[in-house]
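Written below as structure tokens is the structure these notes are about.
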Amino acid sequence: YQRRVRGLLTVDFLSTIKSIKMTTGHNIKERMGGMKDEAVGSIKETVGHMTHNHVREEAGRQQKLIGETRQEVAKAHENIKGAEERAFGRAEHGVGVVTADNHLKMDGKATEIKGAARQHLN
């Protein structure tokens, strides 16, 4: 679904929505994988410590750090996507104001709010 705004701008809303869903889904999977790595690493670290197996303890510590890092990267990616949505929404709202297109103004405001919510919930 494409929308032409008085010949000034063409916005492909459907592909935008699909890309948001895909990146959010990927980030959720990445965060879950990070949580799994963190939990498994913590267990390995504890077992290694209890059994005085320093190799297992260090492997667990490393896996735990990898899990924490994966989660932080996914959070940062979501935060960036939220900032992009907010900026796109502001621009879309601005074009709606200039062209007196109420539908575009509302769409822009909704996108801006969605981006702010994505950043806040992250």
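Numbering (this note's numbering), first residue to last: 684 to 805.
Glycine included, each C-beta is placed from N, C-alpha and C at the ideal position.
- Measuring CA to CA, which of LYS712, ARG744, VAL723, LYS797 is closest to GLN754? Taking the sequence shown and counting its residues from 1, the one referred to as residue 754 is at position 71. Selection LYS712, ARG744, VAL723, LYS797 evaluated against GLN754 yields LYS712 as nearest (Cα-Cα).
- Message: On a Cα-Cα basis, can you pick out the residue from VAL778, ALA799, ALA783 that is closest to GLY765?
- Response: The count along the sequence shown starts at 1 and reaches residue 765 at position 82. For GLY765, the nearest C-alpha among the options comes from ALA799.
- Task: Quick one: residues in its chain with C-beta nearer than 6 angstroms to the C-beta of GLU751, no 5 flanking neighbours on either side, listed in chain order?
- Result: Here the question's residue 751 lines up with position 68 in the sequence shown. For GLU751, the CB contacts under 6 angstroms within the same chain, skipping 5 residues up- and downstream, are GLU721 in chain order.
- Span of the alpha helix (DSSP H), counted from its first residue to its last, around ALA785: Locating residue 785 in the sequence shown gives position 102, where the first residue counts as 1. The amino acid occupying residue 785 in the given sequence is Asn; Ala does not appear at that position. Where ASN785 is concerned, the enclosing alpha helix (DSSP H) stretches over 785 to 804.
- Task: If I'm right that ASP790 touches GLU768 with Cβ under 8 angstroms, what's the distance once you round it to whole angstroms?
- Result: Within the sequence shown, the letter at position 107 stands for residue 790. Within the sequence shown, the letter at position 85 stands for residue 768. Not quite, the Cβ-Cβ distance comes to about 12 angstroms (not below 8 angstroms), so this is no contact.
- Item | Whether GLU761 touches GLY743 by CB criterion (8 angstroms) | Taking the sequence shown and counting its residues from 1, one reaches residue 761 at position 78. Taking the sequence shown and counting its residues from 1, one reaches residue 743 at position 60. Result no, Cβ atoms of GLU761 and GLY743 do not sit closer than 8 angstroms.
- With a CB to CB cut of under 6 angstroms and the five nearest residues on each side skipped, what residues in its chain are close to ILE749? The sequence position of residue 749 within the sequence shown is 66, counting from 1. Non-local beta-carbon contacts of ILE749 in its own chain, meaning distances under 6 angstroms to residues more than five positions away in sequence, involve ASP720 in chain order.
- Could you check the C-alpha separation between THR794 and GLY779 for me, to the nearest Å? The sequence position of residue 794 within the sequence shown is 111, counting from 1. The sequence position of residue 779 within the sequence shown is 96, counting from 1. The alpha-carbon of THR794 is positioned some 13 angstroms away from that of GLY779.
- Grab me the residues of ASN785's own chain with a C-beta within less than 8 angstroms of its C-beta, minus the 5 sequence neighbours each way, in chain order. The residue you call residue 785 lines up with position 102 of the sequence shown. Excluding positions up to five away in sequence, the list reads GLY779.
- Message: If I follow the unbroken alpha helix (DSSP H) through HIS737, where does it start and stop?
- Response: Within the sequence shown, numbered from 1, the residue matching residue 737 stands at position 54. Unbroken alpha helix (DSSP H) run through HIS737: 737 to 782.
- Query: So what does DSSP say about THR734, is it helix, strand or coil?
  - Reply: Start at 1 with the first residue of the sequence shown, and residue 734 comes out as number 51. Note: THR734 maps to coil in three-state DSSP.
- Query: Using the rule of at least 16 other Cβ atoms within 10 Å of the residue's Cβ for burial, across every protein chain shown, is LEU787 buried or exposed?
  - Reply: For the purposes of this step, residue 787 is identified with residue 104 of the sequence shown, where counting begins at 1. The residue in question, LEU787, is buried, as its Cβ has 16 or more Cβ neighbours within 10 Å.
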